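**Student:** What follows is a single structure, and I will ask about it in a moment.
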Ligand SMILES: NC(=O)c1ccc[n+]([C@@H]2O[C@H](COP(=O)([O-])OP(=O)(O)OC[C@H]3O[C@@H](n4cnc5c(N)ncnc54)[C@H](OP(=O)(O)O)[C@@H]3O)[C@@H](O)[C@H]2O)c1
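In the numbering used here, the protein residues as written are 160 to 470.
In structure tokens form, the structure reads like this:
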């Protein structure tokens with residue numbers, strides 16, 4: 160398994176991770192209806208066996224359920240292995256102080272059953288976005304050994320530069336910015352985030368690398384996803400079949416790779432780390448087929464063109 164370092168930290172991760180967003184979440188993903196705890200645990204095991212070492216979660220996923228399940232599988236299967244655990248703090252009204260962040264981190268650690276994690280991220284730059292306070296709290300979290308590195312998520316270029324500066328004043332590198340990025344949603348290529356990440360040495364971690372399932376080939380205008388995704392994506396479902404058709408062509412040229420595998424390979428070709436969510440062992444196994452091959456520059460360009468052309 161190829162690895163890379165997160166930002167300017169010494170932390171090495173597999174070039175693809177595993178996201179735990181669907182673990183315990185009912186409103187978007189329907190946890191308990193078609194898949195359950197045993198399934199996501201098997202998804203973890205399959206990913207681990209394939210060499211994946213980066214596991215992304217958050218305090219809000221399933222209201223703590225995802226962290227709890229991740230803690231269980233880490234104990235069950237991860238003993239003796241260097242696995243990288245990333246979780247997130249969700250700021251909110253009345254939840255912005257240094258103390259709030261540190262208490263939230265301690266609660267996450269308790270659910271995970273760990274003394275320390277590798278990457279602690281501010282989930283959203285929610286107003287009033289007290290960047291200096293966040294930076295102080297994150298520095299303290301590192302000093303207390305609660306996390307190895309710190310990152311942000313869903314920060315635009317300006318917010319990310321402010322956070323980078325604030326952390327730099329404390330001598331702490333901003334390791335990563337976790338943002339939506341996939342063949343259909345390429346806004347970070349034009350809104351300055353990707354360029355700033357490159358300039359500052361901040362790793363892009365791509366959430367929704369399969370556009371929350373749209374790029375797996377099973378959804379389209381005639382077959383929309385259920386629950387929250389139905390409303391969320393109703394305006395772009397018409398674009399999906401054309402893009403997936405081009406992804407299938409790329410997949411055929413590489414021995415029959417699936418659209419999901421092509422979607423994830425494209426993210427890696429762009430220099431970002433995809434963290435696909437998986438509900439089942441079968442999905443996790445399919446996703447590991449994104450590893451060990453590289454699409455050509457021409458194929459990347461063709462997918463870019465298919466995505467732009469479909470706008
Ligand atoms: N920082 C943030 O704000 C933020 C936001 C969202 C997510 N995240 C993180 O990023 C991770 C990835 O994003 P995501 O989970 O939202 O979206 P995603 O990885 O693009 O899509 C995951 C969904 O696609 C479907 N799927 C996965 N593998 C498949 C396969 N091989 N074949 C067919 N369908 C497959 C499953 O849903 P169905 O089977 O129901 O279609 C699965 O839940 C999350 O798990 C979470 O860790 C972060």
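Ideal Cβ placement from N, Cα and C applies to all residues, glycine included.
Quick caveat: nothing in here was measured; it's all calculated off a predicted structure.
Check whether the segment 169 to 185 touches the segment 311 to 325, counting contact only when three or more Cβ pairs, one atom from each stretch, lie closer than 8 Å.
**Tutor:** The segment 169 to 185 is not in contact with the segment 311 to 325.
**Student:** Given that a residue counts as buried once 16 or more other Cβ atoms are within 10 Å of its Cβ, and exposed if not, what is residue 319?
**Tutor:** So residue 319 ends up on the buried side.
**Student:** Report the rounded CA-to-CA distance for residue 364 versus residue 378, giving the unit in angstroms.
**Tutor:** Taking the straight line joining both Cα atoms gives about 24 Å.
**Student:** Out of 343, 244, 325, which has the shortest C-alpha to C-alpha gap to residue 308?
**Tutor:** Comparing Cα-Cα distances from residue 308 to each of 343, 244, 325, the minimum goes to 244.
**Student:** Can you tell which of 433, 186, 348, 259 has its C-alpha closest to the C-alpha of residue 449?
**Tutor:** Here the closest residue by C-alpha is 433.
**Student:** Is the Cβ-Cβ distance between residue 207 and residue 237 less than 8 Å?
**Tutor:** Taking 8 Å as the Cβ cut-off, residue 207 and residue 237 qualify as a contacting pair.
**Student:** When you compare the CB positions of residue 290 and residue 325, do they come within less than 8 Å of one another, or not?
**Tutor:** Their beta carbons are under 8 Å apart, which means residue 290 touches residue 325 by this criterion.
**Student:** Starting from residue 203, trace the alpha helix (DSSP H) both ways and give me its first and last residue.
**Tutor:** Start and end: 196 to 208.
**Student:** Nearest by alpha-carbon distance to residue 329: which of 362, 410, 297, 340 is it?
**Tutor:** Closest by alpha carbon: 297.
**Student:** How should residue 366 be labelled, buried or exposed, when 16 other C-beta atoms within 10 angstroms of its C-beta is the threshold for buried?
**Tutor:** That one is buried.
**Student:** Taking its Cβ as the centre, do 16 or more other Cβ atoms sit within 10 Å of residue 470, making it buried, or is it exposed?
**Tutor:** Note that residue 470 has pLDDT 43, beneath the 50 cutoff, so the model's placement of it is unreliable and the number below is only indicative. When all chains shown are included, residue 470 counts as exposed.
**Student:** Consult DSSP for residue 366 and reduce its assignment to one of helix, strand or coil.
**Tutor:** Residue state, collapsed to three classes: strand.
**Student:** State yes or no: is the C-beta of residue 312 nearer than 7 Å to some heavy atom of ligand 1?
**Tutor:** Yes, since a heavy atom of ligand 1 falls inside the 7 Å radius drawn around the Cβ of residue 312.
**Student:** Nearest CA to the CA of residue 198: which residue from 418, 279, 179, 460?
**Tutor:** Nearest C-alpha to residue 198: 179.
**Student:** Answer yes or no: the CB of residue 349 versus the heavy atoms of ligand 1, is any distance below 7 Å?
**Tutor:** No, ligand 1 has no heavy atom inside 7 Å of this Cβ.
**Student:** In terms of alpha-carbon separation, which member of 204, 467, 185 lies closest to residue 481?
**Tutor:** No information on residue 481 is available, as it lies outside the stretch 160 to 470 that the chain covers here.
**Student:** Find the nearest neighbour of residue 247 within the set 253, 233, 467, 226, judged by alpha-carbon distance.
**Tutor:** Of the listed residues, the one whose Cα sits closest to residue 247 is 226.
**Student:** What are the boundary residues of the beta strand (DSSP E) that includes residue 305?
**Tutor:** Premise fails: residue 305 is in no beta strand (DSSP E) and is neither H nor E.
**Student:** Does DSSP classify residue 421 as helix, strand or coil?
**Tutor:** Three-state DSSP puts residue 421 in a helix.
**Student:** Looking at the unbroken alpha helix (DSSP H) that takes in residue 233, where does it start and where does it end?
**Tutor:** Looking at the DSSP string, the run of the alpha helix (DSSP H) that includes residue 233 is 224 to 236.
**Student:** Consider the C-beta atom of residue 375 and the heavy atoms of ligand 1; say whether any pair is separated by less than 7 Å.
**Tutor:** Yes - ligand 1 has a heavy atom lying nearer than 7 Å to the Cβ of residue 375.
**Student:** Quick check on the DSSP output: what are the complete alpha helix (DSSP H) runs of length 4 or more inside the segment 327 to 391, in order along the chain?
**Tutor:** With a minimum length of 4 residues, the continuous alpha helix (DSSP H) runs that stay inside the segment 327 to 391 are 352 to 359, 386 to 391.
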